[in-house]
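Notes to accompany the following structure.
There are 2 protein chains.
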Amino acid sequence: MTSAPKIKNQLKSYINRYIPFSAEETDSFFKYLAIKSYSKKEILLETNQVCKQHFFIIEGLLRAHYTNEKGTDKIIQFAIENWWMTNLESYVRETPSNFTIDTLEKSTILSISKDNLEKAFIEIPKLERLFRIIAENTLVAIQRKNEFYMKLSSKERFLTLQRDIPDFLQRVPMYMIASYLDITPEYLSEIRKNL
Amino acid sequence: MTSAPKIKNQLKSYINRYIPFSAEETDSFFKYLAIKSYSKKEILLETNQVCKQHFFIIEGLLRAHYTNEKGTDKIIQFAIENWWMTNLESYVRETPSNFTIDTLEKSTILSISKDNLEKAFIEIPKLERLFRIIAENTLVAIQRKNEFYMKLSSKERFLTLQRDIPDFLQRVPMYMIASYLDITPEYLSEIRKNL
DNA sequence: CGGTCTCTTGACGGAGTTCAAAGCTAGTGG
DNA sequence: CCACTAGCTTTGAACTCCGTCAAGAGACCG
Chain A
732 MTSAPKIKNQ LKSYINRYIP FSAEETDSFF KYLAIKSYSK KEILLETNQV
782 CKQHFFIIEG LLRAHYTNEK GTDKIIQFAI ENWWMTNLES YVRETPSNFT
832 IDTLEKSTIL SISKDNLEKA FIEIPKLERL FRIIAENTLV AIQRKNEFYM
882 KLSSKERFLT LQRDIPDFLQ RVPMYMIASY LDITPEYLSE IRKNL
Chain B
732 MTSAPKIKNQ LKSYINRYIP FSAEETDSFF KYLAIKSYSK KEILLETNQV
782 CKQHFFIIEG LLRAHYTNEK GTDKIIQFAI ENWWMTNLES YVRETPSNFT
832 IDTLEKSTIL SISKDNLEKA FIEIPKLERL FRIIAENTLV AIQRKNEFYM
882 KLSSKERFLT LQRDIPDFLQ RVPMYMIASY LDITPEYLSE IRKNL
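The listed protein sequences derive, respectively, from chains A and B.
Quick note on numbering: the first sequence equals residues 732 to 926 in this note's numbering.
Quick note on numbering: the second sequence equals residues 732 to 926 in this note's numbering.
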């Protein structure tokens with residue numbers, strides 16, 4: 732468990748990667764956030780629920796996944812410290828989520844509700860800019876991920892993941908990596924055997 | 732070739748699908764738009780150019796595509812009457828486009844530059860709402876398309892396209908449909924043979 | 001009417017899946 | 001602290017989907 736001042740600091744330095752935010756501004760924003768601890772395998776957003784919050788990971792590891800018609804899990808995304816996790820489509824349109832968000836590790840999570848975010852936008856106009864930048868980054872990330880799947884072979888997808896986010900390989904079991912890469916665990920094992 | 736008043740009307744009824752816009756508001760917006768006619772195979776946005784405009788299709792058929800390392804064309808998107816076409820990432824970030832936009836038919840296109848759109852936002856604040864909605868729809872469309880590729884077999888992708896946008900099948904040669912579906916023309920031919 | 005563009009056919013091969021089974025590994029309770 | 005078990009990873013064989021290559025058959029256009 733991380734202490735509140737430490738959490739606030741972590742958030743501040745995250746924000747400062749994009750915009751300068753004073754301690755006071757960070758404080759104002761922080762008021763609107765909820766801190767919560769989760770153990771492993773807890774659910775933050777259920778399939779078919781409307782996503783009413785953005786989640787920011789202070790510590791831990793989240794996953795977004797759905798179960799397909801064959802009953803097997805397909806992992807859409809992992810997220811670690813200093814990443815946002817949400818279902819943007821569900822959040823924006825207030826439609827039922829088509830995936831579940833849950834923890835793969837004991838995690839400390841900040842969350843902000845839609846209502847509170849609206850209030851925060853009014854109190855701290857600069858936040859609009861931050862969240863626009865985050866939305867743009869999300870859009871670009873989605874397009875990058877498309878290219879990742881469309882242009883690369885499964886071996887290349889694995890190597891790219893290993894190069895770009897080696898953390899995942901350390902912290903996530905291989906069959907989940909396989910699911911994320913959209914191949915079977917058996918074939919991933921084959922790939923890894925041949926370097 | 733379509734006449735200017737008719738074009739204005741078409742734009743107005745498009746906008747009214749999302750927000751009520753008076754004739755005056757439509758007129759104000761229309762001032763910022765350029766009308767241009769293109770013949771078949773003309774290029775609207777070149778690869779490596781920065782995308783400085785949004786395009787709205789009054790009449791005709793556009794395509795977004797790139798050439799991969801093997802020298803074969805991959806089609807990312809088709810667009811027909813009353814659709815917007817742009818490279819949002821390139822437009823927003825002012826980075827070189829990684830695909831080309833060109834015409835597959837004789838087309839009549841409205842375009843609006845970034846500068847003009849900014850001016851129009853100031854003159855007609857309601858436009859902000861329209862373009863936010865369009866941006867949201869784009870994001871949702873991108874996610875849908877992801878699912879289209881990730882969840883469906885090539886046969887199902889073909890059937891979905893046939894069901895949802897039969898227009899494309901009438902107006903676009905099969906080898907381009909194949910490229911869009913991410914399969915070879917030979918295999919698409921196979922699929923179609925077996926219903 | 002000749003050529004380019006488009007669609008189809010068939011043989012072959014490779015990438016990746018499925019199924020079944022065995023071998024590891026790590027967490028848990030006793 | 002050990003032993004057990006559930007969770008995870010690997011193996012191999014058979015099979016499927018789909019790409020590649022090569023060739024031919026229409027169809028459209030000047």
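Don't be surprised by glycine CBs; every beta carbon is placed ideally from N, CA and C.
Under the DSSP assignment, residue 861 of chain B falls in the alpha helix (DSSP H) whose first and last residues are 857-882.
Rounded to whole angstroms, the gap between the alpha carbons of residue 916 of chain A and residue 848 of chain B is 49 Å.
Cβ proximity to chain B below 7 Å picks out 867, 870, 871, 873, 874, 877 from the stretch 850-878 of chain A. Secondary structure of residue 904 of chain B (DSSP, three-state): coil. At a cut-off of 7 Å between beta carbons, residue 820 of chain A contacts chain B. Setting aside the 5 residues that flank it on each side, residue 743 of chain A is surrounded in the same chain by 752, 754, 757, each with a C-beta closer than 8 Å to its C-beta; the list follows chain order.
When 7 Å is used as the limit between beta carbons, residue 823 of chain A is near these residues of chain B: 867, in chain order. DSSP, read as helix, strand or coil, puts residue 759 of chain A in helix.
Where residue 776 of chain A is concerned, the enclosing beta strand (DSSP E) starts and stops at 774-776. DSSP, read as helix, strand or coil, puts residue 790 of chain B in strand.
Below the 8 Å Cβ cutoff, chain B contributes 881 as neighbours of residue 913 of chain A, in chain order. Around the beta carbon of residue 784 of chain B, a 10 Å sphere encloses 16 or more other beta carbons of the protein chains shown; the residue is thus reported as buried.
Sorting B:776, B:921, B:791 by C-alpha distance to the C-alpha of residue 830 of chain B places B:776 at the top.
When beta bridges are read from the DSSP output, residue 827 of chain B appears opposite B:781. The three-state secondary structure of residue 915 of chain B, taken from DSSP, is coil. By the beta-carbon neighbour count (other beta carbons within 10 angstroms, threshold 16), residue 887 of chain A is exposed.
Within the model, the alpha-carbon separation for residue 800 of chain A versus residue 749 of chain A is close to 41 Å.
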